[in-house]
Amino acid sequence: MARFLIGKILVRDHPDGRTSGRIVETEAYPPGDASGHAFRGETPARRSLFLRPGHGYVYMAYGSSYCFNVSSEPAGIGAGVLIRALEPLEGIATMQRRRGIETLRDLARGPGRLATALAIERDLDGIDLCVKGPLWLATAALPIDAIAVSVRIGISREAHRLRRFYERGSPYVSGTRRLNAG
DNA sequence: AAGAAGATTCGCT
DNA sequence: GCGAATCTTCTTA
11 MARFLIGKIL VRDHPDGRTS GRIVETEAYP PGDASGHAFR GETPARRSLF
61 LRPGHGYVYM AYGSSYCFNV SSEPAGIGAG VLIRALEPLE GIATMQRRRG
111 IETLRDLARG PGRLATALAI ERDLDGIDLC VKGPLWLATA ALPIDAIAVS
161 VRIGISREAH RLRRFYERGS PYVSGTRRLN AG
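Per our numbering, residue 11 is the first one in the first sequence, and the count goes up by one each step.
Shown next as structure tokens:
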């Protein structure tokens, strides 16, 4: 699913208006991955990861940033895909205001930044992304060759695994040159 | 009840 | 590239 989501469009419908972006970077946290939030079993805070595929899991990281995931395994099995970066499409002025910056390239480059840009907070935890609502996914096609793979960012456990996917050449992808070369 | 770790970001050097 | 800020969750006493 992490690979499948590259190129899809994440749409946020909010009283402020619509904001949306193309997903250009993801990371997989499959069942049994020691870095995954579902690794130690289901708890109230992690329950969304155990929902049917296509539900949102939102949590606060380091006290300052929200991160957004898409549940990826059948009900009862905990796993998810972290959305790490978007290419801004609609509502760019709104995103700029929420982020407090102008630079298009940095509006949604990074998991915490995209959550801020789209006003994704804990109230969206558990939402069904396959139904048009406050937050949903629109389909789009992308050539297989456009997707590259690398190790994941900011974790210590199972760090060598090739579970990060991104759009090759996109300036909206996070991480360093080394990680984006592939 | 207290402490450590963590899927980050921003400002400086 | 480095370190602080910040808070939720889980572990240990």
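C-beta: ideal position from N, C-alpha, C; glycine also. Since the structure is predicted, the reported quantities are computational estimates derived from the model, not experimental observations.
Residue 108 and residue 49 have their C-alpha atoms roughly 33 Å apart.
Per DSSP, residue 110 lies in no beta strand (DSSP E) and is assigned neither H nor E.
Taking the Cα positions, residue 62 is about 18 Å away from residue 37.
Only residues of its own chain outside the window of five on either side were considered, and among them 22, 100, 101, 104, 105, 127, 128 have a CB closer than 7 Å to the CB of residue 29, listed in chain order.
Relative to the Cα of residue 140, the nearest Cα in the group 176, 44, 73, 81 belongs to 81. Residue burial is scored here from C-beta neighbours: residue 170 has fewer than 16 other C-beta atoms within 10 angstroms and is therefore classed as exposed.
Assignment of residue 166 by DSSP, reduced to helix, strand and coil, places it in the coil class. Per the Cβ contact rule, the segment 182 to 191 is not in contact with the segment 39 to 47 (fewer than 3 Cβ pairs under 8 Å). Bounds of any beta strand (DSSP E) do not take in residue 88, whose DSSP letter is neither H nor E.
DSSP, read as helix, strand or coil, puts residue 14 in coil.
Just so you know, the alpha carbons of residue 20 and residue 145 end up roughly 7 Å apart.
Under the DSSP definition of a beta bridge, residue 176 partners with 35, 158. Three or more beta-carbon pairs separated by less than 8 Å are not found between the segment 168 to 183 and the segment 54 to 74, which leaves the two stretches without contact. Per DSSP, residue 100 has no beta bridge partner at all. Straight-line measurement puts the Cα of residue 168 at about 29 Å from the Cα of residue 134.
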